[in-house]
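I have placed the structure first, in the form of structure tokens, so that the comments after it can refer back to it.
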Amino acid sequence: MADREVTVALAGNPNTGKSTLFNLFTGLKQHTGNWPGKTVTRAEGSFRFEGIKFNLLDLPGTYSLLSRSKDEEIARNYLIFNHPDLVLVMADSTAIERNLHLALQILQITSRVILVCNLSDEARRKGIDVRTSILESHLGIPVVDISASRKQGIDRLKRTMVRVIGDPNPPRSVAVDYPEVLKQEMDSLGNALKELFPAQSGIEWIVLRLMEGDPSVIGTIESMIAGTDKNGQKKSDDLKSLRQLVLKAQLARDKMGFSLHDELSVNIHRQASAIAAKAVFHRDREKKTTEEKIDRIVTSRILGLPIMLLLLFLIFYITIAGANYPSELIAKGLFWIEDAWAGLFDRWQVPWWITGFLVHGVYKGLAWVISVMLPPMAIFFPLFTFLEDLGYLPRVAFNLDRLFRWSGAHGKQALTMGMGFGCNAAAIISTRIIDSPKERMIAIVTNNFVPCNGRWPLLILVASIFVGSLVSPALATVVSVSAVVGVTLVGIGITFLVNKMLSTTLLKKEPSSFILELPPYRKPQVLRILYRSLIDRTIFVLGRAVMMAAPAGGLIWILGNIEVSDQSLMHWAAGSLDGFAALLGLDGMILLAYIIAIPANEIVIPTILMGYLATGQMVDMDDTARLGQLLQDNGWTIVTAVSIMLFSVLHYPCSTTTLTIWKETRSSRWTLLSNLIPLGIAIIVCFLVAQTLYLIL
Amino acid sequence: MILVSVENYLKALMHIEFDGQQATTSAMAARLSVSPASITEMTRRLSAEGLVEYTPYKPVELTGQGRELAIRVVRRHRLWEMFLHKVLKLSWDQVHDEAETLEHCSSEKLIDSIDAFLGNPQFDPHGDPIPDKEGIFPDIQDSKLLAECEVGEMYTIVRVRDRSRDLMEYFSDFGFYLGKNIFLHHKLKDDHSMVVELGQQKTVVSNFIASNIEVVRARTLEDLKIHEKGMVDEINATGMLRSRLLDLGFTNGTEIEKTMIAPSGDPASYRIRNTTIALRSDEARKILLKNG
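Just so you know, the protein sequences line up as chains A and B, in that order.
Just so it is clear: in the first sequence, position 204 is 203 by numbering that gives the first Met the number 0, and no numbers are missing.
Just so it is clear: in the second sequence, position 138 is 137 by numbering that gives the first Met the number 0, and no numbers are missing.
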């Protein structure tokens with residue numbers, strides 16, 4: 000028997016555990032992408048239960064459907080026009096009242112809804128008693144309480160889904176009490192609209208959108224008319240009547256003399272709070288919860304910032320210390336394959352240049368990127384996601400907002416910067432947590448100024464060889480660590496300056512608001528953390544990096560191995576850059592390495608070494624002393640060291656990050672600016688610092 | 000009816016002293032709408048009884064005993080006004096005349112019961128302070144005249160000065176009452192009248208009227224102390240911010256508690272509808288609280 004297929008939309012407030020339930024239902028049978036033309040994540044997946052195939056779609060988390068924000072527009076239009084067979088509205092059992100606000104709105108669009116009260120275990124622990132049967136009788140739809148993280152109530156939910164799907168008569172849901180004047184207008188406009196679209200559900204809601212003059216809803220209806228199989232004359236008649244209807248709707252709204260949005264919000268909230276008052280009971284309301292105690296400590300004047308810095312330090316320490324060994328192991332393995340592969344090609348007498356290009360170029364580039372990128376990311380991302388899952392990160396944004404606000408940015412930028420220390424490309428994606436477009440763009444453009452995992456090794460290496468050696472061995476470690484911290488602080492300082500510059504110039508007119516929800520602390524779920532950090536972040540970024548690294552590896556090999564007049568292309572190119580590079584305190588080879596190693600900062604040092612040693616392929620050196628000698632032989636001084644450290648922190652995002660910026664902004668202008676602004680700053684800063692140092696020394 | 004006149008005389012004298020004016024015979028006569036001769040007559044009598052201090056050709060002053068009596072009359076008047084307004088729902092413009100009569104024929108016991116019944120109110124319906132049983136006035140907020148306020152700010156009406164029936168009717172008609180939040184939209188340069196917003200209605204207010212309304216800066220979420228609770232009155236913002244706040248449940252009558260303040264003093268977090276939302280002070284300042 001062929002399976003019946005149904006579409007289920009998952010709606011709800013942010014932080015209600017929507018994605019937990021989604022993952023629980025679909026497991027690995029899911030794929031994420033973007034909504035057409037939008038940078039809002041769209042996750043789809045499916046599962047089978049009792050002979051029915053459920054296709055699940057995760058709608059963006061929203062508090063309401065009344066506003067014009069991107070997320071709400073997507074959720075609203077989907078519910079109105081795509082007619083899902085069933086909508087699961089996720090609610091947080093600890094805050095039923097606010098969640099009902101959204102549920103009541105959705106019930107005006109469709110009555111094929113199940114209210115899912117998640118986090119029921121947490122609610123019980125907090126002394127909140129949610130009576131689902133009372134909710135059911137007031138809302139007219141099934142209400143199921145579950146705990147997605149503990150997998151409680153999931154089977155009951157699935158059976159309820161089957162029951163609602165199988166019921167030919169949809170449940171009769173509760174109506175929202177609209178003010179009398181509004182109700183009359185809605186009825187008359189609704190009847191006119193029904194003549195145009197007899198099959199459309201949620202007519203009332205469409206009428207409200209028409210009254211608000213919502214361009215996306217009007218546009219969709221217009222294209223629905225254009226898409227019908229009616230003849231041309233009828234279509235243009237329909238369009239005409241639609242336009243009249245839109246006009247009438249807006250006249251009606253102006254006549255009413257109150258703000259529609261205000262009136263609806265207040266009415267729906269009132270109804271939500273009346274229902275919640277009957278169905279939700281609180282015990283020990285006055286008892287101070289552990290959560291409040293923790294919050295008071297992590298946001299306190301004295302301990303707030305130290306706790307944050309300590310956690311950040313721990314994460315970096317674990318990442319850097321923990322990544323070394325696996326990196327070496329992977330490198331050994333992958334480079335063994337390189338040698339074996341090259342040996343095999345030799346035996347088969349494959350021409351040297353094919354072996355060189357494919358094995359020592361493309362493959363080596365790939366192997367290098369994987370071995371140096373994978374371990375730090377696989378350690379950093381789970382740790383960061385752990386803090387995210389715990390609910391600590393919004394508190395960081397809360398603590399630091401004042402600082403960011405000064406520069407015209409959002410406190411959540413602190414989180415995207417934190418992510419940037421791990422990987423700038425992943426950080427660009429994480430800017431999605433910033434709702435207002437202006438602050439989000441600022442966070443995207445300036446993220447490059449925090450050094451990622453790929454840049455730490457260079458900073459540490461150069462600092463310990465050149466800066467640490469300036470003082471006695473006893474102080475060497477302290478001084479070189481201070482140098483690394485110092486350039487990092489320069490990067491952070493420049494972040495604030497560029498924030499300020501952008502918010503007062505190019506992005507001046509964009510509207511913005513702060514408003515940050517501080518969700519309750521939650522016990523992190525290991526599996527979900529691993530899934531999100533490894534699949535969503537690590538593999539995703541690595542995939543993009545590999546795509547970029549393969550051609551770059553080939554290019555580097557070609558430049559190093561094609562000789563013109565006894566010199567490789569690489570030396571010719573480096574030579575031509577020497578003059579300009581000297582102004583910045585660098586040399587041509589360094590600059591060339593930054594240009595051709597653009598896919599990943601990790602391969603900058605190997606490329607420079609390859610150039611100096613003329614080996615024809617990227618090399619690494621374990622022996623720091625020998626490496627220092629080699630660099631000095633090639634003219635490196637303390638000026639070169641300072642300049643390369645500054646250039647490394649400032650220059651421009653790697654091509655993986657640039658690609659991500661383009662995918663997130665869909666704006667070539669901003670993608671270009673995200674490269675040009677850092678490059679300009681890097682050139683100016685390096686020039687000034689290098690020239691000053693030349694004068695002093 | 001001599002008793003009535005004594006009380007009214009003492010009350011008028013106290014008001015004149017309260018306003019910082021000099022209680023000359025002519026000023027008193029004008030205030031009480033009687034002839035100067037009857038004022039002189041009454042002054043002599045009360046001076047003999049030790050209620051006022053009087054030296055010819057100098058302003059009259061209340062003695063301690065006289066002030067005590069006057070305060071008691073004021074207390075009766077204002078409590079009656081409050082009772083008529085709050086309990087019998089008489090409008091603003093009606094209560095003064097009724098209280099004028101009632102203040103002279105009520106026992107202390109009745110007045111004390113009214114006081115207790117109303118929950119010991121501190122201000123009468125016009126915003127004037129009500130002295131307590133011991134004759135002590137409550138502290139008065141530092142208010143200023145609406146006419147002297149700055150454009151673009153939100154204020155709360157705390158007192159109205161002129162008691163003319165005309166003006167009180169105007170106030171009732173247009174929805175001006177004590178505790179009402181009022182937004183000063185802009186001032187007209189030429190005649191000093193101003194455009195204000197009351198709720199969502201815009202109204203033009205003449206300079207004369209604005210000079211008779213006393214206001215203080217409106218209380219907002221920002222003014223809450225940590226762990227203090229307040230009730231939302233309205234949101235003084237438009238566009239995206241307004242919709243966002245409405246969606247999160249910052250609607251009229253919602254109870255809110257300030258829970259945390261960031262280490263740098265801003266933003267702060269608020270408990271609303273069982274969730275915690277952080278707002279910057281710029282945003283918190285736009286959410287007005289109900290008064291009293």
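Where is the CB? At the ideal position from N, CA and C, for every residue including glycine.
The model shown is predicted, which means the values in this text are computed figures rather than measured ones.
With DSSP as the reference, please indicate the residues paired to arginine 216 of chain B in a beta bridge. B:Tyr154
Within the stretch 50-123 of chain B, note down every full alpha helix (DSSP H) run reaching 4 residues or more, in order along the chain. 63-85, 91-101, 107-116
Histidine 260 of chain A CB to nearest chain B CB: under 7 Å? yes
Do you know offhand how far arginine 295 of chain A's Cα is from glutamate 516 of chain A's? 16 Å
Pull out every residue of the stretch 500-529 of chain A whose Cβ sits closer than 9 Å to any Cβ of chain B, in chain order. Pro510, Ser511, Ser512, Phe513, Ile514, Leu515, Glu516, Leu517, Pro518, Pro519
Residues sharing a beta bridge with arginine 3 of chain A, DSSP: A:Ile51
Run of the alpha helix (DSSP H) containing aspartate 388 of chain A, from where it starts to where it stops: 363-389
Can the beta-carbon of valine 203 of chain B be found less than 7 Å from the beta-carbon of valine 214 of chain B? By the CB criterion at 7 Å, valine 203 of chain B and valine 214 of chain B fall outside the cutoff.
Considering only the alpha carbon of each residue, which of A:Tyr391, A:Pro350, A:Gly126 lies closest to asparagine 273 of chain B? Sorting A:Tyr391, A:Pro350, A:Gly126 by C-alpha distance to the C-alpha of asparagine 273 of chain B places A:Gly126 at the top.
Going along chain C in order, which residues have a C-beta closer than 8 Å to the C-beta of isoleucine 276 of chain B? Structure shown: chain C not included; protein chains present are A and B.
Out of B:Ser171, B:Leu220, B:Leu9, point me to the one whose CA is closest to leucine 68 of chain B's CA. Minimum Cα distance to leucine 68 of chain B is reached at B:Leu9.
Return the CA-CA distance between phenylalanine 383 of chain A and leucine 145 of chain B, expressed in angstroms with no decimal places. Those two C-alpha atoms are separated by around 54 Å.
Counting only Cβ pairs nearer than 9 Å, list the residues of chain A close to glutamate 324 of chain B. The question about residue 324 of chain B has no answer here: the residues shown for chain B are numbered 0 through 291.
Taking only three categories from DSSP, how would you classify glutamate 71 of chain A? helix
In the DSSP assignment, find the alpha helix (DSSP H) that holds glutamate 96 of chain A and state where it starts and stops. 95-108
Check the Cβ-Cβ distances between serine 66 of chain A and every residue of chain B, and say whether any is below 7 Å. True, the Cβ-Cβ gap to chain B drops below 7 Å.
How many Å lie between valine 175 of chain A and glutamine 107 of chain A at the Cα? 7 Å
Residue-chain proximity (alanine 94 of chain A, chain B), Cβ-Cβ < 7 Å: yes
What does the alpha-carbon distance come out to for the pair serine 471 of chain A and valine 478 of chain A? Looking at the two C-alpha atoms, the distance is approximately 10 Å.
For lysine 201 of chain B, the first and last residue of its enclosing beta strand (DSSP E): 200-204
Run of the alpha helix (DSSP H) containing serine 673 of chain A, from where it starts to where it stops: 667-695
If we define contact as Cβ-Cβ less than 7 Å, is alanine 115 of chain B a contact residue for chain A? no
Nearest residue (CA-CA) to arginine 243 of chain B, options B:Ala217, B:Ile225, B:Ala283, B:Asn211: B:Ala283
Using 7 Å as the threshold, is the C-beta distance between glycine 453 of chain A and glutamate 601 of chain A below it? yes
Report the rounded CA-to-CA distance for alanine 47 of chain B versus glycine 65 of chain B, giving the unit in angstroms. 12 Å
For valine 296 of chain B, which of helix, strand or coil comes out of DSSP? Any property of residue 296 of chain B remains undetermined from this structure, which presents chain B solely from 0 to 291.
Quick one, are the C-beta atoms of glutamate 52 of chain B and glutamate 40 of chain B less than 7 Å apart? no
Bridge partners of histidine 185 of chain B, per DSSP? Answer is B:Val194.
Determine, for aspartate 253 of chain A, whether the minimum Cβ-Cβ distance to residues of chain B falls below 7 Å. no
For alanine 277 of chain B, report the span of its beta strand (DSSP E) as first-last. 274-278
Does tyrosine 177 of chain A get closer than 7 Å to chain B when you measure Cβ to Cβ? Judged by the 7 Å Cβ criterion, tyrosine 177 of chain A is not in contact with chain B.
Using 7 Å as the limit for Cβ to Cβ distance, is methionine 230 of chain B near chain A? no
Based on the DSSP output, what are the partners of glycine 11 of chain A in its beta bridges? A:Met89
For leucine 568 of chain A, collect the residues of the same chain with a Cβ closer than 6 Å to its Cβ; drop the 5 residues on either side in sequence, then sort them by chain order. These residues qualify, in order along the chain: Leu558, Ile561.
When burial is assigned at 16 or more other CB atoms within 10 Å of the CB, is tyrosine 56 of chain B buried or exposed? exposed
Got a sec? Which residues, its chain only, sit under 6 Å from threonine 258 of chain B by beta carbon, not counting five neighbours each side? These residues qualify, in order along the chain: Ser268, Arg270.
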